[in-house]
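Those letters in the sequence shown? Residues -6 to 108, per our numbering, in order.
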Amino acid sequence: VQLQASGGGLVQAGGSLRLSCAASGIIFSAWTMNWYRQAPGKQRELVATITDGGRTRYADSVKGRFTISRDNAKNTVDLQMNSLKSEDTAIYYCHGARNFRGEYWGQGTLVTVSS
C-alpha cells in the first residue's frame, strides 16, 4: 500500500494550493480518506475527511476555505486550500482508513504560508 502526497510549496497569505494524494494497493473506493497536518511544535490534527460514500467533514479552522474531494477512478484524494493563512503552515499528511483493514499514512508534503 502506498499513499503519495504532492502539491505542497510556498505561498503567500491569501493564496491557494491544491494537494493531491495518489493511492495504490487498496480498493480505494471503499476507504475513508483524510488529510491531517502537523505544525512545528504542535500535535498532528485532522483537517478534512471524505468517506467512501462521499460525505465530508472539516476542522472548524478550515471550514469555508478548504475542500476535500476524491476521484475513485483515479484513486486520488485532493485538498483544495484557499485563503491560506500563516497558521496553515504545516506538513500535510494523506491518511486512509477502513474498518477491519487498518490505516495507512502518506509521507507528508510541506505547506508554507508566508505573511
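Where a beta carbon is used, it is the ideal one built from N, C-alpha and C, also for glycine.
Which value, in whole angstroms, describes the spacing of the CA atoms of residue i and residue j?
i, j, result
"serine 107", "phenylalanine 93", "41 Å"
"glutamine 73", "lysine 56", "12 Å"
"threonine 102", "leucine 39", "15 Å"
"glutamate 80", "glycine 47", "27 Å"
"valine 104", "lysine 35", "15 Å"
"glutamine 31", "isoleucine 84", "5 Å"
"glycine 89", "asparagine 27", "6 Å"
"proline 33", "threonine 82", "9 Å"
"arginine 37", "tyrosine 29", "7 Å"
"phenylalanine 109", "glycine 95", "Residue numbering for the chain in the displayed model covers -6 to 108; residue 109 lies beyond these limits and cannot be assessed."
"leucine 3", "serine 62", "22 Å"
"aspartate 71", "glycine 8", "17 Å"
Using 7 Å as the threshold, is the C-beta distance between residue i and residue j below it?
i, j, result
"tyrosine 97", "leucine -4", "yes"
"threonine 44", "threonine 69", "no"
"arginine 91", "alanine 23", "yes"
For the ligand NAP, is there any heavy atom lying closer than 6 Å to the beta carbon of residue i?
i, result
"glutamate 80", "Of ligands this structure carries none, so the ligand NAP is not represented either."
How close, in whole Å, do the beta carbons of residue i and residue j come, if the pair is a contact with beta carbons under 8 Å?
i, j, result
"serine 76", "arginine 58", "5 Å"
Using a Cβ-Cβ cut-off of 7 Å (strictly less than) and excluding sequence neighbours within five positions of residue i, which residues of its own chain qualify?
i, result
"glycine 0", "Leu10, Arg11, Leu12, Ser13 and Thr102"
"threonine 60", "Gln73"
Starting from the C-beta of residue i, find all residues in its chain whose C-beta is less than 6 Å away, skip the five residues before and the five after it, and write them out in chain order.
i, result
"alanine -2", "Cys14, Cys87, Gly99 and Thr102"
"valine -6", "Gly18, Ile19 and Tyr97"
Beta-carbon within less than 8 Å of residue i's beta-carbon, same chain only, minus the 5 sequence neighbours each way: which residues are those?
i, result
"lysine 67", "Ala15"
"alanine 6", "Leu77, Lys78, Ser79, Val106, Ser107 and Ser108"
Please classify residue i: is it buried, with 16 or more other beta-carbons within 10 angstroms of its beta-carbon, or exposed?
i, result
"aspartate 64", "exposed"
"aspartate 53", "exposed"
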